[in-house]
Each structure stands twice: as structure tokens, then as C-alpha cells.
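Notes follow once the structure below has been shown.
Numbering (this note's numbering), first residue to last: 522 to 1048.
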């Protein structure tokens, strides 16, 4: 039963509605083609309800309440099911939420986790990273629905988590966003009020964010760091978007503050147009370094869209030796950083010590064996990370225990993450930031109910978006990655805590990895 006393239908995902009377013949034909392409009958596609097969990988694209054929592609239309354990847990919790809603007349709403759940080879992410993002979301859902505890802003409405898969690199985002739009309509059973996750800073992510913004659906990004996510050059930010991660400009500014003794920098950057993150980061590096009075020499570009990207790095090294920069600012992803450092380790100017900076928000770079071998040639690597247990140990005062206890063994919350996913690592921070992203959306949804002067028990997407404007200072959210107080104009976190590692490695000796917690202003935010 719903809060209005009526029986609720089982969860379903709507498909495109037919509005033939309002359409001309040409438009009607276009709609037929769209429906045929995007909403294939799931009994013949092999996908779960709400999903359809499409694209070169035959991915199951769409929105589901848990079930779905996701994972790492085998290149022949199959996926390894490596996300099934966490998918099953989310599906079971969603079923429990709907049962409690019927039996106890408790309201619930849906929040969608939008992120690629199918991964190709090669890809900009790994299936392990995808899995941990889902795991953090699930633990946050458990916190939100915990019996007898008021977490994430209260205890009602209960939270159903939907999984929205736009495919590898978010390339199939458009039909998925259309499903989410329909689920956000008041008459739909989905009762969608927000979207979290949003994936990496890629062109598909940007386009999906812009469309969700146009539909008035509030969003909380977990790992997007590109400063600008709007196709309109005059727009500074997509409306209705909050970010858990500090943007590239904030991270670059924080890192450059550590370069006071340097005078000359060189930017190595990815010119792949789909890599919004890399191009945005290159611009942020240049602006931050020049602002502090440093000099930039001619940069070295590469193109990750090319299959032989690794072959371009050895050709850069002679130029780097010639220019002799004090620091190299790398604007790319881990996939390209590894062959770059490998090429740099074979440089002819072995007497020149190299210092390389990168912001790669959710990767445990220092733990990579291949990178460690490259560092033995006299390279110092510094990288920022959005979250990791090392931050809690280095500066515990900036991280609210009420949230970190969900990940710390022996804590009062009995380390829910370790109980649910024994042996799974949280060192890359992905589970932590997706935990926070859902927490922000849940908190806004519950505050929307509390602040509703009409006494309605269910928040709307509009009501949640309105609460985003009040999530600062006294309205800050206690995230496990640090306190989250948002700039109401841009949706970016104020002076967000940022973990920086300085990593060195000598031959025959253990790696040295020194963690420091900083922020763009120097001191992380505290309410």
C-alpha cells in the first residue's frame, strides 16, 4: 500500500509513450525508428526488464532496480557477471523497501545511480572500479534505510536505488536519460527524485548531465572533476548539479601550491576530444602555475583515441630532456600515465631527477607495481586522490566519524562495508565517494519532506533541487570523504579535503608514500 492507501504496482521502467495524434507522418516514422532502436522487447534481448541490447558491444542499456547482464565484455556480446553480487544485494534491498512500504505504509522514493556498468577492453575505467562504485552506493542505501537510526537527514522516505547503465564510456546515454525523465514524472511508479554517480568526465557524461539538467532532475556527481559541464559557453555549470569531488581547478591549485620551489613546468596532455577531463585539467594546470608566477615551456600532447598511444611517449622524452622542466604536469588517465612513466624511466638524461604531478581522483596509483618500477629511475610522483583510509589516519579531524565508521573495522557501525563485501579494498576511494554522493541526494530528499509546508510525504525532483541551495554551512553533509558544503552558484564543494601522496622508490628498497590532506585554500572545510 502507498501512503495514500492504494496498492502500488511492482517496479517497472516506462518505455516511450505514443502520442500519434500530435505528430505528423514524418515525425511518427521517426518515433517508430527510435522505439525500434532503443526499446527492444527484453524477452528476446536477454536483458532484464527496463534494459535493451544495443551498440557494438551488445550492452544491456537502460534502467533496472537491480537485475541486469553487466560486467566486463568478452567482445562477443557476453559479460562476465562480475557485478552480480552487489546487484543482487541492491535488488534485495529494493524489494524489502517496497514490501515495507506496502505493509507499514511508509513512503519511499527512487534515486538512480547513473554510471557505465558494462566495460570494454580497453576502457577508461576497470570493472573493479565499477564494482566498488556500486558497493559504496549500496552501503549508503543501507545507512539510509537503517531501522532505528536517523541517518542521512532522517529515516523517511525510504530509498530505492535504480541502476542506470549508459554503456561503456557513457556512449549510449540518450535513451537512458529519457527513461529517467519518465521515471521522474509524478504519475510514474518509479518516483525518481535524483540521479547520482554520473561516471567519469567524458563527452557522454557531459551530454547526459546537460539533458538531465534540462529535464529538471537534480544530480550529485561522485567523481566528475572537469570544471565545466555545460555545452552553452556562457553557462558556468549545469543547473541542479552538486559534486562530491573538487573540480580540476581546485585540485590543480592545491597541487601547485606545493611547487613553490619550482620555476619551470611542462604540461603533457591528452588531445582526445572525448576526454573532457584531460583537456580541462591541462587548462587548470596552466592557469594555476602561471598564477603563482611560474613559467610554462611548450607542452607535449598525445591522443588516447589512437590505438598506439604508448608509442608516442618515447618520442617526447628527448624534448623533455632538452627543456629540463622542474616539474611535469600530466593531464591524462592512469592508462596513459603508466606507459609515459615507463618511457620517462628510459631517458638519456639520467642525471635529471623528474617530478611528475597528476590528479587521478580514484586510483591507488602508488600501489601499481609497474609504476613503482618506473619510479626507480629517479622519478618522484605526486598525485591527488578524492578519498582513502590514509586520509582518515593523516588528518582525522576533517572526516566525520559518523560516516567513516561505515568503513572502519571495529567501529560502532560495525564496518558495514567490510561485512557486506569481505576482502574488498577501499584504498582507491571509489566506494567512499559514491557512498557520499548517494548520501547527499538522500539528505536533500528528506529535507525536502521536512521543509514542505504542504505536509506531503513524498518529495519531488523540484523539491530536492530546491534543497541543493541550502546544503552549505549549517546545512553541510557529513561525508566519509570529508565535510560537504556546496557553493550554491556552482554546486562545487567548499575547500573540500583532498588527499595527496608523494611517492618515491629506490631499487631494492620499499616504496615511500607520504600522505598529506590539503585543500584549494590550504585548510579543508569544517562546519
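Note that CB positions come from ideal geometry on N, CA and C, so glycine has one too.
What would DSSP say about residue 842, mapped onto helix, strand or coil? It is helical.
Does the distance from the C-beta atom of residue 923 to that of residue 999 stay below 8 Å? In this structure, residue 923 sits near residue 999, with a CB-CB distance shorter than 8 Å.
Alpha carbon to alpha carbon, how far is residue 1031 from residue 842? Give it in angstroms, no decimals. Using only the alpha carbons, I get a separation of about 28 Å.
Would you kindly work out how many angstroms separate the C-alpha atoms of residue 697 and residue 821, rounded to a whole number? Here the alpha carbon of residue 697 sits roughly 37 Å from the alpha carbon of residue 821.
Pick out whichever of 790, 949 and 682 has its Cα sitting closest to the Cα of residue 646. Here the closest residue by C-alpha is 949.
For residue 673, which option in 965, 978 and 888 has the closest C-alpha, if you only look at C-alpha atoms? Minimum Cα distance to residue 673 is reached at 965.
Rounded to whole angstroms, what is the Cα-Cα separation between residue 1040 and residue 661? Near 25 Å, if we compare the C-alpha coordinates of residue 661 and residue 1040.
Quick check on DSSP: helix, strand or coil for residue 898? Coil, per DSSP.
So for residue 956, helix, strand or coil by DSSP? Helix.
Could you give the residue range of the beta strand (DSSP E) that holds residue 611? Premise fails: residue 611 lies in the alpha helix (DSSP H), 605-625, not in any beta strand (DSSP E).
Which of the three DSSP states, helix, strand or coil, is assigned to residue 891? Reduced to three states, the DSSP call for residue 891 is helix.
Do the CB positions of residue 747 and residue 789 come within less than 8 Å of each other? For residue 747 and residue 789, no; Cβs fall outside 8 Å.
Pull up the distance between the alpha-carbon of residue 650 and that of residue 764, whole angstroms please. So the two alpha carbons sit approximately 19 Å from each other.
Give the DSSP-derived three-state secondary structure of residue 919 in the structure shown. In the three-state reduction of the DSSP assignment, residue 919 falls in the helix class, which pools H, G and I.
To the nearest angstrom, how far is it from the Cα of residue 571 to the Cα of residue 874? Taking the Cα positions, residue 571 is about 55 Å away from residue 874.
If the criterion is Cβ atoms closer than 8 Å, does the pair residue 1059 and residue 826 meet it? There is simply no residue 1059 to check, as the chain begins at 522 and stops at 1048 in what is shown.
What residue from 930, 828, 838 and 679 has the CA that sits closest to residue 620's CA? For the residues 930, 828, 838 and 679, the minimum Cα distance to residue 620 belongs to 679.
Per DSSP, what kind of secondary structure is residue 860 in: helix, strand or coil? Three-state DSSP puts residue 860 in a helix.
Just to confirm, are residue 979 and residue 657 a CB contact at a threshold of 8 Å? Their beta carbons are not under 8 Å apart, which means residue 979 does not touch residue 657 by this criterion.
Starting from the N-terminal side, write out each stretch of the beta strand (DSSP E) that is 3 residues or longer and does not extend beyond the stretch 805-851. With a minimum length of 3 residues, the continuous beta strand (DSSP E) runs that stay inside the stretch 805-851 are 816-823.
Cβ-based neighbour list, residue 627, same chain, cut-off 8 Å, excluding 5 preceding and 5 following: Beyond the five residues adjoining it in sequence on each side, residue 627 comes within less than 8 Å, by CB distance, of 524, 621, 677, 678 and 679 in the same chain, given in chain order.
Which residues in the same chain have their Cβ closer than 6 Å to the Cβ of residue 584, if we skip the five residues on either side of it in sequence? Cβ neighbours of residue 584 beyond the five flanking positions: 534, 571, 683, 685 and 700.
Under the assumption that residue 576 contacts residue 693 (Cβ atoms under 8 Å), give the Cβ distance between them as a whole number of angstroms. The Cβ separation is near 6 Å, so the contact holds.
Taking the C-alpha atoms as reference points, what is the distance between residue 1036 and residue 887? Rounded to whole angstroms, the separation of the alpha carbons of residue 887 and residue 1036 is 11 Å.
Distance CB(residue 877)-CB(residue 849) smaller than 8 Å: The answer is yes: Cβ separation under 8 Å.
Per DSSP, what kind of secondary structure is residue 1036 in: helix, strand or coil? Residue 1036 falls in the strand class under three-state DSSP.
Continuous beta strand (DSSP E) stretch holding residue 790: start and end: Secondary structure note for residue 790: its beta strand (DSSP E) is the uninterrupted segment 785-791.
Residue ranges of each beta strand (DSSP E) run of no fewer than 3 residues wholly in the stretch 628-698, ordered along the chain? Every unbroken stretch of the beta strand (DSSP E) spanning 3 or more residues and falling wholly within the stretch 628-698 is given here in chain order: 629-635 and 679-686.
So residue 941 is in the beta strand (DSSP E); what residue range does that whole segment cover? Here residue 941 belongs to no beta strand (DSSP E); instead the alpha helix (DSSP H) covers 937-941.
Is the separation between the beta-carbon of residue 615 and that of residue 681 shorter than 8 Å? The criterion of a C-beta distance shorter than 8 Å is satisfied by residue 615 and residue 681.
Can you tell me where the alpha helix (DSSP H) holding residue 1027 begins and where it ends? Element bounds for residue 1027: n/a, residue is neither H nor E.
Residue of 664, 632 and 855 minimising C-alpha distance to residue 741: Out of 664, 632 and 855, 632 has the C-alpha closest to the C-alpha of residue 741.
Please tell me whether residue 687 and residue 637 are closer than 8 Å, where the distance is taken between their beta carbons. Yes. Within cutoff.
For residue 1015, which residues of its own chain have a beta-carbon under 8 Å away from its beta-carbon, when the five flanking residues on both sides are left out? Exclusion of the five residues before and after residue 1015 leaves 993, 1006, 1007, 1008 and 1046 as the residues of its chain whose Cβ lies within less than 8 Å of its Cβ.
Tell me which same chain residues have a C-beta within less than 6 Å of the C-beta of residue 942, skipping the five on either side of it? Contacts found: 656.
Evaluate the contact criterion for the stretch 599-613 versus the stretch 724-740: three or more CB pairs, one atom per stretch, below 8 Å. These segments do not touch.
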